[in-house]
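*Asks:* Take 53 as the starting number for the sequence shown in my numbering and just add one per residue.
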Amino acid sequence: MHQYLFFIGGFPVRAYGLLLALGIISAACVAYYLMKKDGRGWHTHVVDFSIYTGVAGLIGARLWDVFFFDWAYYHNHLWEIPFVWQGGMAIQGGVVLGTLVGIWYTKKHGIDTWAFADLFAPAIILGQSVGRMANLMNGDAFGHPTGGNFGILYPETTLAYRTYGAQPLWPAEIWEGQIDILIFVVLLLFSSFKHAKGQVFVLYAILYSAARFCLEFLRGDYVSLTLGLKSAQVTSLTIMIIGIAVFMYLGWADKRHNQSV
């Protein structure tokens with residue numbers, strides 16, 4: 053686990069930034085492959101779309117963490133908000149702002165938003181998996197103490213160590229990255245069968261939210277509660293409920309449309 057890979061003069065090249073960039077690039081490569089195979093010519097938009105949504109995702113992830121999880125600290129340290137290398141990126145905020153920018157982009161270029169989102173969904177979750185590698189290398193998004201002699205021991209330079217010291221912590225970010233790979237496989241498999249337009253993307257939102265809801269019980273990087281649940285759990289539960297309703301509606305609407313033609 054190395055936060056700094058090497059230095060160029062006095063400038064540190066951080067594993068966190070490199071892996072975040074690789075996450076976006078990995079997502080773009082998968083999306084390019086899926087869209088080129090789809091044959092509607094949308095693969096020509098992948099680079100521009102990935103840049104727009106990638107930047108929006110990073111901004112959304114940072115602001116979501118700052119305002120929903122760590123505002124008690126950042127309202128007195130406003131100048132540190134851009135310091136993403138200190139840790140503090142909420143994937144849910146990244147997906148929300150990235151989705152909004154993605155809708156804007158597809159509407160602007162006359163692309164079927166739901167169909168485009170279905171093709172991009174597996175790419176998103178793969179990118180998130182690589183992003184969790186960045187969290188591990190940086191020592192953030194960590195779990196709480198296991199209470200035993202098993203778990204991850206983080207270096208003294210990490211936020212995890214400053215929070216819990218030399219206690220073994222649950223490998224929350226590692227397990228999330230592994231679950232993301234399994235969701236990636238499920239989405240590819242589901243997309244190979246007949247489905248209503250939009251259901252692949254909605255299934256991604258449901259599955260990731262379910263996984264995040266459960267893993268939050270192991271997370272130890274923040275403890276703010278709402279109705280006995282962490283903020284990320286409230287968000288995940290809300291997305292799951294809405295997602296299931298939308299998934300069923302899309303299936304019903306597609307079936308009704310097919311019967312009428």
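The C-beta atom is built at its ideal place from N, Cα and C for all residues, glycine as well.
Keep in mind that this is a model prediction, so the values were computed, not measured.
Enumerate in chain order the residues of its own chain whose CB-to-CB distance from Phe48 is below 8 Å, with the five nearest sequence positions on each side excluded.
*Replies:* It is not possible to answer for residue 48, since the shown part of the chain is limited to 53 through 313.
*Asks:* So, with DSSP's three-state summary, where would you put Ile204?
*Replies:* As a working mapping, residue 204 is identified with position 152 in the sequence shown. In this structure, Ile204 counts as strand in the three-state DSSP scheme.
*Asks:* Check each candidate in Trp166, Leu178, Thr165 and name the one with the smallest Cα separation from Ile143.
*Replies:* Counting from 1 along the sequence shown, the entry for residue 143 is found at position 91. If you compare the alpha carbons of Trp166, Leu178, Thr165 with that of Ile143, the shortest gap goes to Leu178.
*Asks:* According to the Cβ coordinates, are Gln251 and Leu289 closer than 7 Å?
*Replies:* Looking up residue 251 in the sequence shown gives position 199. Looking up residue 289 in the sequence shown gives position 237. Contact: no.
*Asks:* Run through DSSP, which three-state label would Arg66 get?
*Replies:* Your numbering for residue 66 matches position 14 in the sequence shown. The answer is strand: DSSP assigns Arg66 an E or B state.
*Asks:* Can you find the residues in the same chain that come closer than 7 Å, C-beta to C-beta, to His95, ignoring five residues on each side of it along the sequence?
*Replies:* As a first step, residue 95 is located in the sequence shown; it is residue number 43 there, counting from the start. For His95, where only same-chain residues beyond five positions count, the Cβ hits under 7 Å are Tyr84, Met87, Lys88.
*Asks:* Between the C-alpha atoms of Thr165 and Leu149, what's the straight-line distance to the nearest angstrom?
*Replies:* Position 113 of the sequence shown, counting from 1, holds the residue named residue 165. Position 97 of the sequence shown, counting from 1, holds the residue named residue 149. Taking the straight line from one Cα to the other gives about 15 Å.
*Asks:* Run through DSSP, which three-state label would Pro197 get?
*Replies:* Residue 197 sits at position 145 when you count from the first residue of the sequence shown. Here Pro197 sits in strand by DSSP.
*Asks:* Using only CA atoms, which one of Ala167, Glu208, Ala224, Val65 lies nearest to Gly272?
*Replies:* Translated into positions along the sequence shown, residue 272 becomes position 220. Considering only alpha carbons, the answer is Ala224.
*Asks:* For Ala80, does the count of other Cβ atoms within 10 angstroms reach 16, so buried, or fall short, so exposed?
*Replies:* Counting from 1 along the sequence shown, the entry for residue 80 is found at position 28. Buried, by the Cβ-count rule.
*Asks:* Based on DSSP bridge pairs, tell me the residues matched to Ile60.
*Replies:* Here residue 60 is taken as the residue at index 8 of the sequence shown, counted from 1. According to DSSP, Ile60 bridges with Phe63.
*Asks:* Beta-carbon separation of Gly229 and Arg184 under 7 Å?
*Replies:* Numbered from 1 along the sequence shown, position 177 holds the residue referred to as residue 229. Numbered from 1 along the sequence shown, position 132 holds the residue referred to as residue 184. In this structure, Arg184 lies closer than 7 Å to Gly229 by Cβ.
*Asks:* Could you compute how far the alpha carbon of Gly61 sits from the alpha carbon of Pro197?
*Replies:* Counting from 1 along the sequence shown, the entry for residue 61 is found at position 9. Counting from 1 along the sequence shown, the entry for residue 197 is found at position 145. Computed Cα separation, rounded: 37 Å.
*Asks:* Please name the residue in Ser243, Phe265, Cys266 whose C-alpha comes closest to that of Leu255.
*Replies:* For the purposes of this step, residue 255 is taken as residue 203 along the sequence shown, with counting starting at 1. It is Ser243 whose Cα lies nearest to the Cα of Leu255.
*Asks:* Taking 6 Å as the cut-off, is the C-beta of Ile163 nearer than that to any heavy atom in the ligand ATP?
*Replies:* The ligand ATP is not among the ligands present in this structure, which contains no ligands whatsoever.
*Asks:* Cβ of Thr210 within 7 Å of Cβ of Gly191?
*Replies:* As a first step, residue 210 must be located in the sequence shown, where it is residue number 158. As a first step, residue 191 must be located in the sequence shown, where it is residue number 139. Taking 7 Å as the Cβ cut-off, Thr210 and Gly191 qualify as a contacting pair.
*Asks:* Would a C-beta distance cut-off of 7 Å place Ala263 and Ile231 closer than the cut-off?
*Replies:* On the sequence shown, position 211 is the one that residue 263 refers to. On the sequence shown, position 179 is the one that residue 231 refers to. Yes, the pair counts as a contact, with Cβ atoms nearer than the cut-off.
*Asks:* Specify, as a first and last residue, the run of the alpha helix (DSSP H) that His309 falls within.
*Replies:* Within the sequence shown, the letter at position 257 stands for residue 309. 283–312 is the span of the alpha helix (DSSP H), which, as asked, contains His309.
*Asks:* Pick out the complete alpha helix (DSSP H) segments inside the region 131–196, 4 residues or longer, and give them in chain order.
*Replies:* 143–160, 165–190
*Asks:* In chain order, what residues of the same chain have a beta carbon less than 8 Å from the beta carbon of Leu110, not counting five sequence neighbours either side?
*Replies:* Start at 1 with the first residue of the sequence shown, and residue 110 comes out as number 58. Within the same chain, Leu110 has close Cβ partners Leu72, Val136, Met141, Gly146.
*Asks:* Starting from the C-beta of Thr287, find all residues in its chain whose C-beta is less than 7 Å away, skip the five residues before and the five after it, and write them out in chain order.
*Replies:* Start at 1 with the first residue of the sequence shown, and residue 287 comes out as number 235. The residues are Gln144.
*Asks:* Helix, strand or coil for Leu110, going by three-state DSSP, please let me know.
*Replies:* As a first step, residue 110 is located in the sequence shown; it is residue number 58 there, counting from the start. Shown here, Leu110 sits in a helix according to DSSP, grouped into three states.
*Asks:* Could you pull the DSSP bridge partners for Arg271 from this structure?
*Replies:* As a working mapping, residue 271 is identified with position 219 in the sequence shown. In the DSSP output, where bridge partners are listed per residue, Arg271 has Gly195.
*Asks:* Quick check on this structure: which residue in Val153, Phe59, Trp116 has the alpha carbon closest to the alpha carbon of Ser283?
*Replies:* Indexing the sequence shown from 1 puts residue 283 at position 231. Closest option to Ser283, Cα to Cα, is Trp116.
*Asks:* Going by the beta-carbon positions, is the gap between Tyr329 and Ala186 smaller than 7 Å?
*Replies:* The chain is shown only over 53 to 313; residue 329 falls outside these bounds and no answer can be derived.
*Asks:* What are the complete alpha helix (DSSP H) segments, minimum 4 residues, inside the region 233–273?
*Replies:* Counting whole runs of 4 or more residues, the region 233–273 contains the alpha helix (DSSP H) stretches 251–267.
*Asks:* Excluding the five sequence neighbours on either side, which residues of its own chain have a C-beta within less than 7 Å of the C-beta of Val182, listed in chain order?
*Replies:* Stepping through the sequence shown from its first residue, residue 182 is reached at position 130. So the list reads Leu71, Leu74, Gly75, Ser78, once near-sequence residues are dropped.
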